[in-house]
Amino acid sequence: MKLKLVVSQYHRKYLDDATLSLGSLTVLPDRVIVAFRKETPKPYAPDSIISLDTNEGSLDGVCLQGNDTRVVRAVYPDLAVIQQRHHDRRRRLQKKKAHDRRTSRTLCRREGRREHHRVDYRMHQVANSVLRFAEQNRSAIVLEDLKGMKFTRNKQLNRRLTIWPRRKQHHFIEYKAQWRGIPLVKVDPRYSSKKCPICGRIPDSRMGTLFECECGWRLDRHINASINLLQTAISKGLEVAGGLRFDPGAFQHDVMMTLYDSARGARSEPNGTRCVQAVT
Ligand SMILES: [Zn+2]
């Protein structure tokens with residue numbers, strides 16, 4: 150049997166990839182599924198570490214390179230907006246089609262698919278930007294282990310936290326990192342958002358956007374969390390560390406590198422540093 154397949158540039162990219170071998174070929178009435186096999190490349194020995202704290206509309210963290218530590222960020226505030234919009238739309242559909250549950254279900258499902266496509270697309274872009282940066286700087290990536298994440302009593306907030314697919318974002322970053330041979334570790338995030346990375350105290354003040362400690366350490370609370378993740382990774386003696394140490398004296402709070410910005414589209418700017426308000 151012979152089949153004529155229409156192949157796009159996207160498909161060609163995979164067909165031409167020498168590291169892939171053909172796994173299986175499944176022919177269905179409306180499509181052909183080609184499965185590939187790939188030996189995952191051995192992760193490289195990193196020269197730097199990127200530690201990222203995962204938040205609702207951003208990944209916030211630091212990049213430790215030599216003695217230097219800089220702030221890195223990937224921002225996508227519109228993800229929550231997309232989800233809220235689709236949530237509202239589903240609510241409205243349910244109300245409007247309350248007399249016809251079958252139609253309501255069909256329409257809601259379609260709405261859900263659209264939402265997923267949009268969210269997935271954005272998350273792929275974010276993951277790709279982060280990994281491009283990691284590859285350019287030969288970095289290892291540190292993420293928080295999201296297993297056993299706790300929820301608060303605020304129902305509204307819980308819904309947002311639950312539906313926000315942090316795990317999916319991590320999953321994308323993880324499998325893409327594995328595919329490209331970028332070392333990645335996940336660490337226990339316990340106290341990462343509460344602890345002072347300098348003196349180890351846990352200030353009992355309620356948290357605003359700024360983390361403040363009696364010892365004088367003050368920093369954006371998300372960035373602070375990422376430093377704690379970084380230190381956990383290093384203290385565990387993980388091989389990603391490669392002799393690197395976080396030095397608060399050499400930390401440049403005032404220099405931020407944007408890995409991804411949904412307002413400006415994905416961009417990588419290895420040298421394009423930008424000053425933000427100094428937090429000292
Ligand atoms: Zn302190």
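In this note's numbering, the protein residues as written are 150 to 429. We put the CB at the ideal spot given by N, CA and C, even for glycine.
- Message: Check this for me: beta carbons of His371 and Asp217, under 8 Å apart or not?
- Response: no
- Message: When you compare the CB positions of Pro332 and Pro195, do they come within less than 8 Å of one another, or not?
- Response: yes
- Answer with yes or no whether the minimum CB distance from Leu171 to chain C is below 8 Å. No chain C appears in this structure, which consists of one protein chain only.
- Between the CA atoms of Leu169 and Phe185 - distance to the nearest angstrom: 6 Å
- Are there 16 or more other CB atoms within 10 angstroms of the CB of Gln401, so buried, or fewer, so exposed? exposed
- Task: Assuming Ile383 and Arg394 form a contact by the criterion Cβ under 8 Å, report the distance between their Cβ atoms to the nearest whole angstrom.
- Result: 7 Å
- Message: Please give the ranges of any beta strand (DSSP E) in the region 315 to 346, keeping only runs that are unbroken, at least 3 residues long and fully inside the region.
- Response: 333 to 336
- Query: With DSSP run on the structure shown, which of helix, strand or coil describes Thr381?
  - Reply: helix
- Please report how far the alpha carbon of Arg240 lies from the alpha carbon of Lys343, in whole angstroms. 37 Å
- Query: Mind checking whether the beta-carbon of Ile331 lies closer than 7 Å to any heavy atom of ligand 1?
  - Reply: no
- Tell me whether Arg350 counts as near ligand 1, meaning its Cβ is closer than 7 Å to at least one heavy atom of that ligand. yes
- Query: Would a C-beta distance cut-off of 8 Å place His275 and Tyr409 closer than the cut-off?
  - Reply: According to the sequence displayed, residue 275 carries Val and not His. In this structure, Tyr409 lies closer than 8 Å to Val275 by Cβ.
- Item | Selection from Gly392, Leu171, Val279 and Thr175 that minimises the alpha carbon distance to Ala223 | Val279
- Item | Nearest to His235 (by Cα), restricted to the options Trp328, Lys245, Thr381 and His265 | His265
- Beta-carbon proximity check, Thr221 vs Val230, cutoff 8 Å: With the sequence shown as reference, residue 221 is identified as Val, and Thr is not the correct amino acid for it. Contact: no.
- Ordered along the chain, which non-local residues of its own chain (more than five positions away) have a Cβ less than 6 Å from that of Val425? Bear in mind that the predicted position of Val425 carries a pLDDT of just 37, short of 50, making it unreliable; the figure below should be weighed with that in mind. Cβ within range, chain order: Met405.
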